[in-house]
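Down below is the structure, laid out as structure tokens.
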Amino acid sequence: MATSLSNMFFKGLANRSLTRPLNGLFYCTRYSTSVSNDSDTHDDFKPANKLEGSDISLANVIEQDVKDNPVMVYMKGVPDLPQCGFSSLAVRVLKHYDVPISARNILEDAELKNAVKAFSNWPTFPQIFIKGEFIGGSDIILNMHQTGELKEKLKDVTSKK
Amino acid sequence: MGSRGATVVLSRANRIRTKLQSALEATVLEVDDVSYQHAGHAAVKESSDKETHFNLKIVSPKFEGQSLVKRHRLVYDLLADELQSGLHALSIIAKTPHETSSAK
């Protein structure tokens, strides 16, 4: 009983909290306690990973995320500890620019993961949004970096001191 | 591909190739199975499916006038069944015939 309560509390904290590399707030929990076998294909069969008392639709959360954060990344892991090569690549590219990178770790929240997929109609992660616009995944961000398009897109995004 | 032995069903690589070739009329189509690079990946560790990650290089006239996002979406849409049945990630290079010739 005590364990499940503290689990709920822990998840409530970690799951939907935005990780920002610049203010030093990290949640480096690699695996949440009740969802140890994260797999892209069988979300339906996993234990429910619900934020208790959450009435806000996840689509609204995402909408708010991409509106409030000029560079928003939905990724596997956190910016300073990516859990997947593609997420790692995307963050490495973005770190070339002096811009605040906001991120959510979709490995910790299967529902959020599905909601992001549905929101952007894009099947894989990472997913990058710049100034509210869906940019794509790591291939695209790398390509835009190489062509100079990314620099152009980020030039009016100021660094947060 | 021969190393997979006498498989009855087509490999995923073959299905990807067939689907993309017929829909995109690709002039260049490279399908590279790089699943081994991701074998320890949390998401694929417990999956029985061995073909999870591919690098794709596609040159197709169908990409003409399309943004990168649209090109990738086109590929993802064509491979939606695969993505739902264990294909985990794709790395996609999508160019038009014109772009490849001018790059040289």
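One line per chain: the protein sequences are R and E, in this order. Per my numbering, the first sequence runs over residues 1 to 161. Per my numbering, the second sequence runs over residues 1 to 104. We put the beta carbon where it would ideally sit given N, CA and C, even for glycine. Here the structure is a predicted model, which is why all the values come from computation and not from measurement.
Any Cβ of chain R closer than 9 Å to the Cβ of SER91 (chain E) would place that residue at the interface, and such an atom is present. GLN84 (chain E): member of the alpha helix (DSSP H) spanning 80-84, first to last residue. Apart from sequence neighbours up to five positions away, the residues of its chain that approach ALA23 (chain E) with a beta-carbon distance below 6 Å are LEU78, ordered along the chain. For the segment 112-141 of chain R, the set of positions with a beta-carbon nearer than 9 Å to some beta-carbon of chain E reads ASN121, TRP122, PRO123, THR124, PHE125, PHE134, ILE135, GLY136, GLY137, SER138, ASP139 and ILE140 in chain order. Per DSSP, the continuous alpha helix (DSSP H) segment holding GLU149 (chain R) begins and ends at 149-154. Straight across, the Cα-Cα distance linking THR18 (chain E) with LEU87 (chain E) is about 16 Å. The Cβ-Cβ distance between ARG12 (chain E) and GLU64 (chain E) does not fall below 9 Å. Residues of the segment 58-80 of chain E that bring their beta carbon within less than 7 Å of a beta carbon in chain R comprise LEU68, VAL69, HIS72 and TYR76, in sequence order.
When DSSP states are grouped into helix, strand and coil, LYS76 (chain R) belongs to the coil group. Within chain R, the residues placing a beta-carbon under 7 Å from that of LEU83 (chain E) are PRO123, ordered along the chain. Here DSSP, grouped into helix, strand and coil, assigns ASN121 (chain R) to coil.
The beta carbon of HIS98 (chain E) sits no closer than 9 Å to any beta carbon of chain R. Looking at the backbone, the Cα of ILE135 (chain R) and that of VAL69 (chain E) are separated by about 7 Å. Under a 10 Å Cβ-count criterion, PRO61 (chain E) is classified as exposed, with fewer than 16 other Cβ atoms of the shown protein chains found around its own Cβ.
A contact is defined here as three or more CB-CB pairs under 8 Å, and the segment 103-115 of chain R fails this definition with respect to the segment 136-155 of chain R. Taken through DSSP and simplified to helix, strand or coil, PRO126 (chain R) comes out as coil. Counting C-beta pairs with one atom in each stretch, the segment 78-89 of chain R and the segment 61-70 of chain R have fewer than three that are closer than 8 Å, which means they do not touch. Short of 7 Å from the beta carbon of PRO123 (chain R), and not among the five residues preceding or following it, lie these beta carbons of its own chain, in chain order: LYS117. The three-state secondary structure of ASP32 (chain E), taken from DSSP, is strand.
For the 9 Å CB-CB criterion, SER91 (chain E) and PHE54 (chain E) form a contact. The CB of ASN60 (chain R) never comes closer than 9 Å to any CB in chain E; the least such distance is about 23 Å. ASN55 (chain E) carries a strand assignment under DSSP once its states are collapsed to helix, strand and coil. Taking 7 Å as the upper bound on Cβ-Cβ separation, chain E lies near residues ASN143 of the segment 141-160 of chain R.
Around GLU82 (chain E), the same chain offers ARG12, ARG15 and ILE16 as residues with beta carbons nearer than 7 Å, after the five sequence neighbours per side are excluded. Rounded to whole angstroms, PRO97 (chain E) and LEU29 (chain E) show a C-alpha spacing of 12 Å.
One alpha carbon belongs to SER120 (chain R), the other to LYS131 (chain R), and they sit about 14 Å apart. The C-beta of ASN69 (chain R) has 16 or more other C-beta atoms within 10 Å across all chains shown, which makes the residue buried.
Counted as a single uninterrupted DSSP element, the alpha helix (DSSP H) harbouring ILE16 (chain E) occupies residues 12-24.
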